[in-house]
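Input: a single structure, listed below in structure tokens.
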Amino acid sequence: MSMGHEARQGRRTLLVGFAGALLGVLVTASVLGGETFRRQTADASDIAYIPVERMTLPVMGASGPHGYVVVAFTLEVPRTRRAWVRDRLPVVRHAVNAAAWQSGLVAESDDRLDIESTRAALLVAARSALGPSNVRQVRILTAVPV
Numbered sequence: 036m037s038m039g040h041e042a043r044q045g046r047r048t049l050l051v052g053f054a055g056a057l058l059g060v061l062v063t064a065s066v067l068g069g070e071t072f073r074r075q076t077a078d079a080s081d082i083a084y085i086p087v088e089r090m091t092l093p094v095m096g097a098s099g100p101h102g103y104v105v106v107a108f109t110l111e112v113p114r115t116r117r118a119w120v121r122d123r124l125p126v127v128r129h130a131v132n133a134a135a136w137q138s139g140l141v142a143e144s145d146d147r148l149d150i151e152s153t154r155a156a157l158l159v160a161a162r163s164a165l166g167p168s169n170v171r172q173v174r175i176l177t178a179v180p181v
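Given below as structure tokens:
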């Protein structure tokens, strides 16, 4: 009878040891993952997103506009500049509109809207209006041909 008891005790010890090792791995992963999350959150806490109302922009061809696209986007800005940028959104909208009509801001490739080129052009227009240190990035939310 004592042999069966010792075997059960040995299995219990093995299970407890395995559970302890698994718990150690989970705690370590959680702590390391939490540190990464804290760093990303700290970086993200310095960012603010300012939405720009939808704009109807021309898709320019060689002989003028050959279609239009409705674009909604946000400006990624330093959090400390959020109010300053928000107060100057009309200036951004004017710069985007002027760039769209003068240089074909909305780009097409193989009869498709080139989102990445359009995003880059929106970024250039926004930075020209507000300064490069005030606009980190442009995020296109929607782009719908009309």
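If you count by this note's numbering, then the sequence shown holds residues 36 to 181, one letter each, in order. In this text, a Cβ means the ideal position worked out from N, Cα and C, and glycines have one as well.
- Residue environment analysis places Leu165 among the buried positions, since at least 16 neighbouring C-beta atoms fall within 10 angstroms of its C-beta.
- Membership of Thr177 in the beta strand (DSSP E) is indicated by the continuous run Gln172 to Pro180.
- If you draw a straight line from the Cα of Leu92 to the Cα of Ser80, it is about 32 Å long.
- When the Cα atoms are used, Ile150 and Arg162 turn out to be separated by approximately 18 Å.
- Per DSSP, the unbroken beta strand (DSSP E) holding Ala107 starts and ends at Gly99 to Pro113.
- Separation of the CB atoms of Val112 and Ala83 is rounded to 5 Å, and the pair is thereby assigned contact status at 8 Å.
- Contact holds between the stretch 87–103 and the stretch 120–133, because three or more Cβ pairs, one in each stretch, are under 8 Å apart.
- Closest by C-alpha distance to Val131, out of Ala97, Arg114, Arg147 and Arg154, is Arg154.
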